[in-house]
Amino acid sequence: MTQENQWQEALPAQFGKVLEALEGIASTYYMTGRLEQALHIFQAGRPLLAMPEVTLHDQAQFLLHYGQMLTRKTQYENAPEDEAVELLQQARRLAVQLDDKPLIADAVDSIGFAGYVAASNRREGDPSLLQVYFQEALERRQALQDQRGISESLFHLGLIEDIIDQPEQAHVYYTQALQLARQHNHPGEASEALRHLGFHALRDGQLAEAQQYLSEALHTAEQSGRQLSIPFAHVALSDVYLEQHKLDLASEHARKALELAQSMHVTRAHIFALSNLGSICQARGDKMQARAYYEQAHQLAQEIGLGYAIQQANAALQQLTERADNQASTKKQEQQK
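For the sequence shown, our numbering gives the first residue as 16, with consecutive numbering after it.
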C-alpha cells in the first residue's frame, strides 16, 4: 500500500476525531451555561459533514447532537423548532440506514421532545400525537438496557400525560423515571423528575412535600452540572415559598434565578423570575415595584413571542389595576361618609 493510500484510509478516523472533539467542546459550553457558544461550534462543524470521507455514523451522531442543542434554544428562548426537527430527522434516517439501534432510539426520542417543546411553548396542537415517539423510544431503550435513556423516555411520557390532563399517570411516569435515575446515578434526569413531582405536590396543596421535592431538585441540578437548568429549579422553589408566605426565602430564590438567567441568557427562566418577584412585591404591598417587574416580564415575553407568558403578565397587570381601582373607590366612599 502506498503512503498516499494510507493517508487516504486514515481520513475517516481523523474526521471522526475532529467531529467528536467539536461535540465535546460544544457540550462543555452547554454544561457551563453558554448555549450560544455551543451552537456556534456546531455551526462551524456542520460543513465538514459534506466531506466524502466522513462516515455515515459520524454524520448521524453530529446531526443528532446539533438538533438536540437547537431544541434547547427552542426550550429556553422560544426559537423556531424547524431546523432542530429537520436535523433530528436526518439523523434518524441515517441511523436507520446503518441499523444503529442506540442512535435510532436517541433520534426518535429527540424528535418527540422537540415537538413537545414547541407545542408547550405555543400552547397549541395535539401533544398526544407525540406520545408515539416516546413510547417507541422507550421500547427501543428497554431492549438496549439503556437505563439513562429509559429514565428520559419515561419522564417525557410523563410530560405528555401532564399536558393532556392525566396527572395520575404522569406522576407514575415521573416516579419511575426518578427511581431509575437515582439507581443508575443520572442526576440530570433525576432533577427533572423531582421538579415535576414537586409541581404536582404544589398543585395539590401539599406544600411541605413540594418543598422537599424541589429542594432536592435544585441540589441534584447543581450536582449534575447542567447550569442552564438551575435557574428553573430556583424559580420552582420560589413558587413554593411564595405559597407558604415565606416571602424572604421566595425572594432569595427568585433573585438567584434572575441573576443566573440574565448571566446565561435563559429568557424563559428570566421571565418566570421577574413574574415571581412581581408576585412577592405584590404580597408585600409594594404595588409600584410589582408593576415594574410584571412589565419587564411582559416585555421579555413579547420579545420572544411566548404567548402564554404574555397572557400571564397581562393578567397580573390587570389584577393590580383592578385592585388599585377598588381600593381607590373604597377610600372615596369612606371619605364621603
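A virtual CB, placed ideally from N, CA and C, is assigned to each residue, including glycine.
Of the residues TYR131, GLU68, ALA192, the one whose Cα lies closest to the Cα of PRO27 is GLU68. For THR43, the number of other beta carbons within 10 angstroms of its own is below 16, and it is reported as exposed.
In the assembly as shown, LEU144 is an exposed residue. Its beta-carbon has fewer than 16 other beta-carbons within 10 Å.
When secondary structure is reduced to three states using DSSP, ASN329 falls in the helix class. Taking 4 residues as the minimum length, the alpha helix (DSSP H) runs contained wholly in the stretch 88 to 174 are 97 to 113, 116 to 137, 146 to 159, in order along the chain. In this structure, LEU78 places its C-beta atom within 7 Å of the C-beta atom of LEU102. Within a 10 Å sphere around the beta-carbon of LEU275 sit 16 or more other beta-carbons, which makes this residue buried. For GLY320, no alpha helix (DSSP H) run applies, since DSSP gives it neither H nor E. Between TYR309 and ALA330, the C-beta gap is not smaller than 7 Å, which leaves the two residues out of contact. As the crow flies, the alpha-carbon of ALA110 is around 10 Å from that of GLN104. Its chain contains LEU79, LEU103, ALA106, ARG107, ALA110 as the residues whose beta carbon lies nearer than 7 Å to that of ALA122, once the 5 sequence neighbours on both sides are disregarded; these appear in chain order. Contact between LEU262 and ARG299 holds: CB atoms are separated by about 6 Å, below the 8 Å threshold.
Sorting ASP301, ARG283, ILE295 by C-alpha distance to the C-alpha of TYR323 places ARG283 at the top. Excluding its 5 nearest sequence neighbours in each direction, ILE178 has C-beta neighbours in its own chain below 7 Å: SER135, PRO142, listed in chain order.
For the pair ALA205 and THR235, the CB atoms are nearer than the 7 Å cut-off. Taking every protein chain shown into account, the CB of GLU35 has fewer than 16 other CB atoms within 10 angstroms, so this residue is exposed. Rounded to whole angstroms, the gap between the alpha carbons of HIS313 and HIS72 is 44 Å. Relative to the Cα of GLN198, the nearest Cα in the group GLU98, TRP22, ARG163 belongs to ARG163. For ALA65, there is no enclosing alpha helix (DSSP H), as DSSP marks it with neither H nor E. Taking C-alpha positions only, TYR45 is separated from GLU337 by approximately 43 Å.
Between VAL281 and TYR91, the gap from beta carbon to beta carbon is short of 7 Å.
Between the alpha carbons of ALA59 and ILE325 lies a distance of about 35 Å. LEU85 and ALA41 have their alpha carbons spaced roughly 12 Å apart.
Note that the C-beta distance between ALA192 and LEU169 is below 7 Å. Taking 7 Å as the cut-off, the Cβ atoms of GLY48 and LEU243 count as close.
Between GLY127 and HIS171 a beta carbon distance of about 6 Å is seen, short of the 8 Å cut, so the two are scored as contacting.
When C-alpha distances from LYS116 are compared across ALA152, ALA99, TYR148, the shortest belongs to ALA152. Rounded to whole angstroms, the Cβ separation of GLY240 and TYR228 is 20 Å, and the two are not in contact under 8 Å. In this structure, the CA atom of GLN327 is about 35 Å from the CA atom of LEU195.
By alpha-carbon distance to ALA120, the top candidate from ALA94, ALA75, ARG137 is ALA75.
Per DSSP, ASP180 is not a residue of any alpha helix (DSSP H), being assigned neither H nor E.
The closest CA to that of MET66, considering only VAL33, ALA208, TYR188, is found on VAL33. Per DSSP, the continuous alpha helix (DSSP H) segment holding LYS271 begins and ends at 262 to 279. Within the model, the alpha-carbon separation for PHE57 versus THR70 is close to 17 Å. Close CB contacts of ASP301 within its chain, under the 6 Å cut and outside five residues either way in sequence, are absent. Taken through DSSP and simplified to helix, strand or coil, GLY300 comes out as coil.
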